[in-house]
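Worksheet for the structure shown next.
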Amino acid sequence: VNLDITVPASPSALTAAAQAAGKVRLTWNRSTDPNTTGYDIYRAPSTFNVISEAVKINGSPLNVSVFDDLPPQDGSWTYRIVAVNSAGTPSIPTNAAQAISDATLPKALSIVYTSLGKVDGATGRLGQGRVNLVLTTSEILQTVPYLSIVPQGGLPIPVELIKTGDTTYSGNFLIDANTASGVANALFSARDQVGNRGTDVAVGATLKIDTEGPQRSNIVLTPASPIKNDTAQTLQVTFTYSKAPSSSPQIK
Numbered sequence: 020v021n022l023d024i025t026v027p028a029s030p031s032a033l034t035a036a037a038q039a040a041g042k043v044r045l046t047w048n049r050s051t052d053p054n055t056t057g058y059d060i061y062r063a064p065s066t067f068n069v070i071s072e073a074v075k076i077n078g079s080p081l082n083v084s085v086f087d088d089l090p091p092q093d094g095s096w097t098y099r100i101v102a103v104n105s106a107g108t109p110s111i112p113t114n115a116a117q118a119i120s121d122a123t124l125p126k127a128l129s130i131v132y133t134s135l136g137k138v139d140g141a142t143g144r145l146g147q148g149r150v151n152l153v154l155t156t157s158e159i160l161q162t163v164p165y166l167s168i169v170p171q172g173g174l175p176i177p178v179e180l181i182k183t184g185d186t187t188y189s190g191n192f193l194i195d196a197n198t199a200s201g202v203a204n205a206l207f208s209a210r211d212q213v214g215n216r217g218t219d220v221a222v223g224a225t226l227k228i229d230t231e232g233p234q235r236s237n238i239v240l241t242p243a244s245p246i247k248n249d250t251a252q253t254l255q256v257t258f259t260y261s262k263a264p265s266s267s268p269q270i271k
């Protein structure tokens with residue numbers, strides 16, 4: 020029986036890089052020791068010097084030099100790796116490598132609209148005219164996010180955004196006579212710095228658009244037909260409109 024009491028040479032150049040969905044990708048150079056049979060990975064929420072201060076995250080020894088880890092929660096994690104031989108003897112740990120696990124999707128915290136055209140103060144409906152907006156995101160993004168205003172039953176209105184701060188963007192769009200009236204939805208898409216994609220809008224996800232004037236929907240005559248052709252006869256006419264006119268309508 021040969022008892023292996025040697026300590027294998029350590030792997031080297033361990034790196035840790037954050038990935039989407041909270042994953043952390045680890046890469047390292049293999050041990051040059053021919054007696055190495057695999058590698059064990061240790062993880063801790065803070066720096067550590069000996070492997071007993073960390074948790075081994077693999078079951079049996081790994082025979083790879085790239086590994087994707089999914090920590091139990093978002094935050095900063097420290098890793099070190101050891102080589103092991105057939106007797107299970109670990110090497111001296113590699114250098115420490117740190118990465119931030121991030122599984123949180125980015126979102127639009129708010130979209131604030133400011134119309135330069137007509138606005139119904141009672142209902143908040145926006146009439147024809149240009150609308151400025153400010154979009155605030157929950158975190159710093161890889162690139163400028165996508166935003167489009169989509170009226171129900173109408174064509175999407177793309178909004179070109181300009182970055183004005185770490186998490187703020189500005190843009191504008193035009194409501195004209197061809198824009199469909201009704202509720203419009205804000206279609207948002209963004210990726211954070213590790214690649215998570217988010218589409219949620221917390222505040223400002225919808226807006227009300229009104230590009231149609233009041234339409235006469237009914238006429239009631241009092242007295243009703245037949246009407247006596249008599250100068251003494253008083254005729255009352257009641258008009259019903261689809262919405263309240265802003266001023267008294269002119270009847271011709």
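Sequential numbering of the sequence shown, starting at 20, is according to my numbering. Beta carbons are placed, not taken as given, at the ideal position from N, Cα and C, and that holds for glycine.
Give a yes or no on whether the C-beta atoms belonging to D211 and L128 are separated by under 9 Å.
-> Working through the sequence shown from its first residue, we reach residue 211 at position 192. Working through the sequence shown from its first residue, we reach residue 128 at position 109. Taking 9 Å as the Cβ cut-off, D211 and L128 do not qualify as a contacting pair.
Taking T225 as the reference, give the member of T183, A40 and F207 with the closest Cα.
-> Numbered from 1 along the sequence shown, position 206 holds the residue referred to as residue 225. Closest option to T225, Cα to Cα, is F207.
Shortest alpha-carbon distance to Q147 belongs to which of F86, A199 and P175?
-> Translated into the one-based positions of the sequence shown, residue 147 becomes position 128. It is A199.
Find out if the Cβ-Cβ distance for the pair P112, V69 is shorter than 9 Å.
-> Here residue 112 refers to the residue found at position 93 when the sequence shown is read from its first residue. Here residue 69 refers to the residue found at position 50 when the sequence shown is read from its first residue. Yes, Cβ-Cβ distance for P112 and V69 is below 9 Å.
Thinking just about the alpha-carbon of each residue, which of T51, K137 and I181 is nearest to the one in V153?
-> The residue you call residue 153 lines up with position 134 of the sequence shown. When each option's Cα is compared against that of V153, the closest is I181.
Measure from the alpha carbon of L174 to the alpha carbon of each residue in T162, L193, Y188 and A141, then state which is nearest.
-> As a working mapping, residue 174 is identified with position 155 in the sequence shown. The shortest Cα separation from L174 among T162, L193, Y188 and A141 belongs to L193.
In its own chain, which residues sit with a C-beta less than 7 Å from the C-beta of E72, not counting the 5 before and 5 after it?
-> The residue you call residue 72 lines up with position 53 of the sequence shown. A63.
Just curious, the beta strand (DSSP E) that S50 is in, first and last residue?
-> Counted from its first residue, the sequence shown places residue 50 at position 31. No beta strand (DSSP E) holds S50; DSSP gives it neither H nor E.
Cβ neighbours of G172 in the same chain (closer than 7 Å, five flanking residues each side left out) = Locating residue 172 in the sequence shown gives position 153, counting from the first residue. Same-chain partners within the cutoff: A199 and G201.
At 3 residues or longer, and completely inside the segment 67 to 112: list those beta strand (DSSP E) runs for me, N to C.
-> 85 to 88 and 94 to 104
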